[in-house]
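Please read the structure below before turning to the comments.
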Amino acid sequence: MMHEKIGPHHLERKAILYVRQSSAHQVLHNRESSMLQYAMRDHLTVLGWSRVETIDDDLGRSAAGGVVRAGFDRMIAEVCLGKVGAVAAREVSRFARNSRDWQQLIEMCRVVDTVLIDQETVYAPRQGNDRLLLGLKGSLNEYELDLLRQRSLSARDEKARRGELVVAAPVGFVKVGDRLEKEPDRRVQEAITLVFDK
């Protein structure tokens, strides 16, 4: 099934399916999400690609920035080399949730004429309307991440106000019931004493 934004020159190059989840917990407990992401491979085949490479090196890595994502970097490098006709993800937010990475991806795809594909749409970054829409989606992804962070911080602050916030014991201490005691291991005690004696 050909799409009007996909030309023969796109199909001559491989497609890359990018699969990512933000944390190890999500990878272990949200298996349906992983299955749906991998199923995008079938969507790419229906669109006409015979060569689809799946990059899932970044499972358990956030796209918020500040974390090395080897898979994302490899995908960008392949796009820059002109080897990729399409990059795909179930939702475009899987690619990046920070403006720097997002704009880099869109610009590289525009320069070498690579389309971006999600479960609903094919985006051609060389077309002004698609570039505008992708820019808006990137801004919304970043805004959504800020909201999630703020919500998490507010929930933590509220738990602390109620006295229900559970935090790990500082190094050198262990929790015993509702109080902290020095670590019983002599080696740990000696190491901490050595640090503070210097």
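Using the numbering used here, you'd call the opening residue of the sequence shown number 183 and step up by one each time. Think of the CB as a built atom: it goes at the ideal place given N, C-alpha and C, for glycine as much as any other residue.
**Asked** Straight-line CA distance for Leu263 to Asn280?
**Response** 23 Å
**Prompt:** Per DSSP, what kind of secondary structure is Leu318 in: helix, strand or coil?
**Reply:** helix
**Message:** Is it buried or exposed, Gly320, if we count other Cβ atoms within 10 angstroms and call 16 or more buried?
**Reply:** buried
**Request:** Whole angstroms is fine: what's the gap from Ala259's alpha carbon to Leu335's?
**Result:** 36 Å
**Request:** Taking only runs that begin and end inside the segment 225-311, name each unbroken alpha helix (DSSP H) of 4 or more residues, in chain order.
**Result:** 252-262, 281-294
**Asked** Looking at C-beta atoms only, is the number of pairs between the segment 300-312 and the segment 264-275 that lie closer than 8 Å three or more?
**Response** Yes: the two stretches touch, three or more of their Cβ pairs being nearer than 8 Å.
**Prompt:** Nearest-angstrom Cα distance between Gln371 and Gly345?
**Reply:** 29 Å
**Prompt:** DSSP state of Val348, grouped into three classes?
**Reply:** coil
**Asked** Using 8 Å as the Cβ pair cut-off and three pairs as the minimum, do the segment 188-201 and the segment 229-242 touch?
**Response** yes
**Asked** Out of Arg313, Arg251, Ala268, which has the shortest C-alpha to C-alpha gap to Leu190?
**Response** Looking at the sequence provided, one finds Pro at residue 190 rather than Leu. For the residues Arg313, Arg251, Ala268, the minimum Cα distance to Pro190 belongs to Ala268.
**Prompt:** Should the segment 307-320 be regarded as contacting the segment 286-296, the criterion being three or more beta carbon pairs within less than 8 Å?
**Reply:** Output reads yes: the segment 286-296 touches the segment 307-320.
**Asked** Can you check whether the CB of Val266 is closer than 8 Å to the CB of Thr296?
**Response** yes
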